[in-house]
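Asks: Residue numbers (the working numbering), protein chains in the order written: chain A, 1 to 300; chain B, 301 to 600; chain C, 601 to 857; chain D, 858 to 1114. All C-beta atoms, glycine included, are put in the ideal place defined by N, C-alpha and C.
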Amino acid sequence: MNKLIPLSEAVSQFVHDGDSIYAAGFTHLIPFAAGHEIIRQGRRNLTLARATPDLIYDQMVAAGCARKVIFSYMGNPGVGSLRIVRTEMEAGRLEWEEYSHFGMISRLQAGAAGLPFMPMNQTGATDLEHANPLIKRVTDPYSGREVIVVPALNPDVAIVHVQRADKDGNAHLWGIVGEQKEVAFASKHVLLTAEEIVDEKVIRSDPNRTLIPGFIVSAVCHVPGAAHPSYAQGYYDRDNEFYLNWDKISENPETVKNYLDEWVFSVKDRDEYWQKLGSVTHNRLRVKARYSEKINYGSY
Amino acid sequence: MNKLIPLSEAVSQFVHDGDSIYAAGFTHLIPFAAGHEIIRQGRRNLTLARATPDLIYDQMVAAGCARKVIFSYMGNPGVGSLRIVRTEMEAGRLEWEEYSHFGMISRLQAGAAGLPFMPMNQTGATDLEHANPLIKRVTDPYSGREVIVVPALNPDVAIVHVQRADKDGNAHLWGIVGEQKEVAFASKHVLLTAEEIVDEKVIRSDPNRTLIPGFIVSAVCHVPGAAHPSYAQGYYDRDNEFYLNWDKISENPETVKNYLDEWVFSVKDRDEYWQKLGSVTHNRLRVKARYSEKINYGSY
Amino acid sequence: MTNLTSAELMIVNAARMLQDGDVVFVGVGQPNLACNLAKRTHAPNLVMIYEAGVIGAEPARLPLSIGDPTLVSGALSVVSMYDIFTNYLQRGNVDVGFLGGAQIDKYGNINATFIGTDYAHPKVRLPGSGGAQEIAAWANRCYIMTPHQKRRFPEKVDFVTSAGTLGGKDGREKAGLRGKGPIGVITDIGILEPDPTGELVLTALHPGKSTEEAINNTGWALKVAAQLRTTAPITEKELGILHNELDPTGIYLKNNG
Amino acid sequence: MTNLTSAELMIVNAARMLQDGDVVFVGVGQPNLACNLAKRTHAPNLVMIYEAGVIGAEPARLPLSIGDPTLVSGALSVVSMYDIFTNYLQRGNVDVGFLGGAQIDKYGNINATFIGTDYAHPKVRLPGSGGAQEIAAWANRCYIMTPHQKRRFPEKVDFVTSAGTLGGKDGREKAGLRGKGPIGVITDIGILEPDPTGELVLTALHPGKSTEEAINNTGWALKVAAQLRTTAPITEKELGILHNELDPTGIYLKNNG
């Protein structure tokens, strides 16, 4: 079934005030375009879950979209502090719920699998367990020892950016595939953005590469460059310079406001954003090709 | 580290009387060559675990290698009864332990993950739970409802056949990848057979395709055709004719003995077995190429 | 339309129960033919998935096993068995499952494990669950295709490999099962469906079949629904697709069991 | 060999603790440099894995983040985060983990969560665990690289993000942890290692550093091992690889903390 619609329409249709959102991607394929569209459409009281809130949630929190964050590492990866989320937490203006990476991904795995919880072995570090009452214990009936358990996470909306998908939403991903599959299966709706929309034949040429099947997808949007300043393996590089710049921008509410005005509110969509980045940035992020060796599935 | 050795040496070094074995592969890539080598070397009192015992365990049970089977579907897939295993079970000469497919694969998933158990939702069918005391219940601390749990399965030896591996054991698999990854991580030793030994560069050209990393592998053996009468996607077809023939062969202990004499004990190795199959069979199983579309990882 | 085989009657009537867009957990043999027939008639967007991990197969030939390589080449996706049973089945992404077994009882419980009275000493040992235990519990709805024979329809199965209606909708909800369970048993005489208490009753007969035939070939006192239907006659088109396209050598069409 | 930076001292001494064939859970920055240095000197078969899911990376440039695309292209394998934390880390397939945090206490407990007295009202909110809680528990052995400063070495951390020695080997075994925990803290003054009770004591000094320096920069009464070693001088070869090959622009080498 053809689910190809513009991103603005997908956000308007599937993201509502008060929803819980999981914008997927561990460093890789972070769906910034959808995040910006949510800011533009002025959503409020969202619960924003991500292992690493990253710049995308720092910006959404700055724009006033969020009531709460759920996370396992609240930093600007490779740079340092995630200033806005941190400030709001320290000021008591933002609720939060915290796990380790493994706790977070176990919640998603349970959610994807249709299980009520997932077990994890003990770590000897019990302070987080005391701080977060959703982290519980269960006795292993085989050894009599306790394991740690976390409850399933089933967000209202998964936002997943992929390298290529067909118009039905069958998606190929490669490179770091962090928690994309788990988030897609765990969520009630899946909003997909893709660097390329390809013919179904391309997807069917390599079925082991399809991590997300179309029939769990609600909307497919063709949005090249959607991950910038994050990256899409094989398409463009991570904009490390911007990650460093954000550390400066986010020091001051005024510069943050200016950034949002200029790069989110004043641009219509990701196309305009990408053009605005300019050729110097385009060239800096350009990547030379390095292809996989083909494999033979055989004609049976 | 180069782990490339002949299959006879790998079996002699890593498979011992009394071991628990999991020969992996759901219909696809079933490691028949290793099974035959274990029969030739006369191993005894093995515990043979597989979701579907398939012909490989029917033959190993016939040859007297096994003390016990652990399974979830004891049939000749697509044909009917698995006569030898069935007869031995009915006669009380073979111990068994039984799960559903999901129970079996959950045991492997727990074993691979380093967890003591995995939870599964209730199915309303409780007779197997009563027949197998290893299937237990745990109370979900979030809902107060019970879930079913199964204990980790950690076989002594995983036997896994793959399409291509480098000499260190880094392995690419495609097509049906049933439980190969889980079995490899769950087991104490991994014995790998491969259709092709390729340069490490081929593996590194497509890291998302590598399901088994070399550092968990004990031995790598170059054994083309190792899966016959099962198949290797892209290399040769499933020998459905033989699966149908086995239904006849296995009706009678005499014809089984003759089969083992002719096809296992009287051939030195898989090369000789493959030659003995002859050109008519080779032609019947030959597969025309159908390649995946390449992907671009980018040169960073 | 006389001289229809049992296989034809069951396959065509099963195909008609499938809806466009259904995600179906397919077995080999007759269920596979039913799905492919539905896909070529009223349900072009039906998605076939297999417990071996194949999603959206478009087999170029009739597969002998659920792990046949023809299911893989050109499929939409191939995933691990763990993913199939968790992300697909347990999570509720499977609309329809097909079930079968040596015995089906009054409440839709199925036995595919053993015949006898003692699990440890089976008179006849059957293959066991495979995926059936979970399919019966978690697919949104399940169908059973089976020849209508007394020995296949005992009042109570020797072993419950997969759960039936558990006393109807409430019983399954109370047991925490997400799917509706076996909502249709398609035989070569007619169709059985659970009444509100979960008991399988005769709700339809194929043209030319009688209530007596159904009752006489059932191991419990089979009730007949107040509004007994007659299934629509099988069309030449349906038979044509089955015989000319799907199973030209008649591997599964001539098989009556 | 005077005028060595803190970074050089820590990176080279950490590299020397790695063994050939070790599977190392690598962080970016200094641990990444230590691993690459070891790989180019005494441990050519060291396997670098990253919590982002990358196994056997051979980065062509210095990665800024643990999810950098240069780690992926040409890696041996790339897997999901769930697999990294289960099949690799929890299963016991990781030999070495690197840990870091704002506070490290007498028993090797690390705080990377918050500074203050009330979790719900942090004075300074830090990033939190990321992978650290599980790395500290399940990697076979862990190393910590940190500048030797009193505020970083309090007697007791404000929050235990990752567990330390838990009273030594027995304590960790009793708690059901598979790894040995933090067995070496490499600072710019020397090396701390747990004694049999799990308390971190000074076991080595870098050339030219003194016991007093170490004691004065530690927040608890630091004990000195009976057999205090001096670490081997850093060689020109080691420095050459670091400055000419691994971090030519000095991003992590000039950083003293």
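Give the interface partners of residue 827(C) over in chain B, defined as CB-CB distance under 9 Å, in chain order.
Replies: Against the third sequence, residue 827(C) aligns to sequence position 227. Simply none; closest approach about 29 Å.
Asks: For chain D, find out if any of its Cβ atoms is closer than 8 Å to the Cβ of residue 233(A); answer yes or no.
Replies: In the first sequence, residue 233(A) corresponds to position 233, counting from 1. So yes, residue 233(A) belongs to the interface.
Asks: Is there contact here, the region 85–95 of chain A with the region 660–677 of chain C, by at least three beta-carbon pairs under 8 Å?
Replies: The region 85–95 of chain A, when compared against the region 660–677 of chain C, does not touch it at the 8 Å Cβ threshold.
Asks: Just to confirm before moving on: does the CB-CB distance between residue 124(A) and residue 1032(D) stay below 8 Å?
Replies: Here residue 124(A) is taken as the residue at index 124 of the first sequence, counted from 1. Here residue 1032(D) is taken as the residue at index 175 of the fourth sequence, counted from 1. In contact: residue 124(A) and residue 1032(D) (Cβ atoms closer than 8 Å).
Asks: For residue 120(A) and residue 149(A), I'd like the C-alpha separation in whole angstroms.
Replies: Along the first sequence, one-based indexing puts residue 120(A) at 120. Along the first sequence, one-based indexing puts residue 149(A) at 149. Approximately 6 Å between the Cα atoms of the pair.
Asks: Please state whether DSSP places residue 79(A) in a helix, a strand or coil.
Replies: For the purposes of this step, residue 79(A) is taken as the residue at position 79 of the first sequence. Correct three-state label for residue 79(A): coil.
Asks: Output, in chain order, the set of chain A residues within a Cβ distance shorter than 7 Å of residue 929(D).
Replies: Taking the first residue of the fourth sequence as position 1, residue 929(D) is located at position 72. Result: 175, 176 and 233.
Asks: Does the beta carbon of residue 510(B) come closer than 8 Å to any beta carbon on chain D?
Replies: Locating residue 510(B) in the second sequence gives position 210, where the first residue counts as 1. Yes, residue 510(B) lies at the interface with chain D (some Cβ there is under 8 Å from its Cβ).
Asks: State the start and end residues of the unbroken beta strand (DSSP E) segment that holds residue 244(A).
Replies: In the first sequence, the residue the question calls residue 244(A) occupies position 244. It is not in any beta strand (DSSP E) - residue 244(A) instead sits in the alpha helix (DSSP H) that spans 240–249.
Asks: Suppose the cutoff is 8 Å on Cβ atoms and the five residues either side in sequence are ignored; what does the same chain contact list for residue 956(D) look like?
Replies: One-based indexing of the fourth sequence puts residue 956(D) at position 99. Excluding residues within five positions, the ones whose Cβ falls inside 8 Å are 967, 989, 992, 993, 999, 1000, 1001, 1019 and 1039.
Asks: Would you say the region 445–459 of chain B touches the region 155–170 of chain A, given that touching needs at least three Cβ pairs under 8 Å?
Replies: The region 445–459 of chain B vs the region 155–170 of chain A: no contact.
Asks: Does the contact criterion of 3 or more C-beta pairs under 8 Å hold for the region 44–62 of chain A versus the region 8–21 of chain A?
Replies: These segments touch.
Asks: Do residue 685(C) and residue 401(B) have their CB atoms nearer than 8 Å?
Replies: Here residue 685(C) refers to the residue found at position 85 of the third sequence. Here residue 401(B) refers to the residue found at position 101 of the second sequence. Yes.
Asks: Against residue 566(B), what residues of chain C qualify as contacts under a CB-to-CB distance less than 8 Å, listed in chain order?
Replies: Mapped onto the second sequence, residue 566(B) falls at position 266. Going along chain C, no residue has its Cβ under 8 Å from residue 566(B), so there is no contact; the nearest lies around 29 Å.
Asks: Can you list, in chain order, the residues of the region 414–432 of chain B whose Cβ is nearer than 9 Å to any Cβ on chain D?
Replies: From the region 414–432 of chain B, only 414 and 415 have a Cβ closer than 9 Å to chain D.
Asks: Look at the alpha carbon of residue 580(B) and the alpha carbon of residue 572(B), and state the distance between them as a whole number of angstroms.
Replies: Numbered from 1 along the second sequence, position 280 holds the residue referred to as residue 580(B). Numbered from 1 along the second sequence, position 272 holds the residue referred to as residue 572(B). Approximately 16 Å between the Cα atoms of the pair.
Asks: Does the pairing of the region 814–827 of chain C with the region 637–647 of chain C give three or more beta-carbon distances under 8 Å?
Replies: Too few Cβ pairs lie closer than 8 Å, so no.
Asks: So what does residue 409(B) bridge to, in DSSP terms?
Replies: The residue you call residue 409(B) lines up with position 109 of the second sequence. Paired residues: none, contrary to the question.
Asks: In chain order, what residues of the same chain lie with their CB nearer than 6 Å to the CB of residue 1024(D), ignoring the 5 residues before and after it?
Replies: By one-based count along the fourth sequence, residue 1024(D) stands at place 167. Within the same chain, residue 1024(D) has close Cβ partners 1055.
Asks: Nearest to residue 301(B) by alpha carbon, out of 467(B), 381(B), 569(B) and 585(B)?
Replies: Here residue 301(B) corresponds to residue number 1 of the second sequence, with the count starting at 1. Comparing Cα-Cα distances from residue 301(B) to each of 467(B), 381(B), 569(B) and 585(B), the minimum goes to 467(B).
Asks: Decide yes or no for the touch test of the region 397–416 of chain B against the region 361–373 of chain B: beta carbon pairs closer than 8 Å, at least 3 of them.
Replies: Flag = yes, the region 397–416 of chain B and the region 361–373 of chain B touch.
Asks: So residue 813(C) is in the alpha helix (DSSP H); what residue range does that whole segment cover?
Replies: Within the third sequence, the letter at position 213 stands for residue 813(C). First-last of the alpha helix (DSSP H) with residue 813(C): 811–816.
Asks: Taking the alpha carbon of residue 437(B) as the reference point, which residue from 144(A), 131(A) and 134(A) has its own alpha carbon closest?
Replies: Here the question's residue 437(B) lines up with position 137 in the second sequence. The residue with the shortest Cα to Cα distance from residue 437(B) is 144(A).
Asks: For the pair the region 622–634 of chain C and the region 819–836 of chain C, tell me if three or more CB-CB distances fall below 8 Å.
Replies: The region 622–634 of chain C vs the region 819–836 of chain C: no contact.
Asks: Considering only residues of the same chain and omitting the five flanking positions on each side of residue 59(A), which have a CB-CB separation below 6 Å?
Replies: Along the first sequence, one-based indexing puts residue 59(A) at 59. Closer than 6 Å at the Cβ level, and outside the excluded window around residue 59(A), lies no residue.
Asks: Excluding the five sequence neighbours on either side, which residues of its own chain have a C-beta within less than 7 Å of the C-beta of residue 389(B), listed in chain order?
Replies: Counting from one through the second sequence, the residue named residue 389(B) turns up at place 89. Result list for residue 389(B): 396, in chain order.
Asks: Does any CB atom of chain B fall closer than 8 Å to the CB of residue 681(C)?
Replies: The residue given as residue 681(C) occupies position 81 in the third sequence. Cβ-Cβ to chain B under 8 Å: yes for residue 681(C).
Asks: Can you grab the Cα-Cα spacing for the pair residue 603(C) / residue 804(C), in whole Å?
Replies: For the purposes of this step, residue 603(C) is taken as the residue at position 3 of the third sequence. For the purposes of this step, residue 804(C) is taken as the residue at position 204 of the third sequence. The alpha-carbon atoms of residue 603(C) and residue 804(C) are separated by roughly 19 Å.
Asks: Does the Cβ of residue 261(A) have 16 or more other Cβ atoms within 10 Å, making it buried, or fewer, making it exposed?
Replies: As a first step, residue 261(A) is located in the first sequence; it is residue number 261 there, counting from the start. When all chains shown are included, residue 261(A) counts as exposed.
Asks: Could you list which residues in chain C have their beta carbon closer than 7 Å to that of residue 299(A), in chain order?
Replies: Counting from one through the first sequence, the residue named residue 299(A) turns up at place 299. Within chain C, the residues near residue 299(A) are 673.
Asks: Where do the ends of the alpha helix (DSSP H) carrying residue 273(A) lie?
Replies: Locating residue 273(A) in the first sequence gives position 273, counting from the first residue. That run of the alpha helix (DSSP H) goes 270–285.
Asks: Could you name the residues that DSSP lists as bridge partners for residue 995(D)?
Replies: Sequence index remark: in the fourth sequence, residue 995(D) carries index 138 (1-based). Beta-bridge pairing links residue 995(D) to no other residue.
Asks: For the alpha helix (DSSP H) holding residue 203(A), just list the boundary residues, first then last.
Replies: What you label residue 203(A) is simply residue 203 of the first sequence in a count that begins at 1. Here the alpha helix (DSSP H) through residue 203(A) covers 200–204.
Asks: Would you give the residue range spanned by the alpha helix (DSSP H) that residue 360(B) belongs to?
Replies: The residue you call residue 360(B) lines up with position 60 of the second sequence. Element bounds for residue 360(B): 354–362.
Asks: For a cutoff of 8 Å on Cβ pairs, would you count residue 908(D) as touching chain A?
Replies: Here the question's residue 908(D) lines up with position 51 in the fourth sequence. Yes - at least one Cβ of chain A is within 8 Å of the one on residue 908(D).
Asks: So which residues on chain A does residue 660(C) lean against when the C-beta distance must stay under 7 Å?
Replies: Along the third sequence, read from residue 1 onward, the residue named residue 660(C) stands at position 60. 300, listed in chain order.
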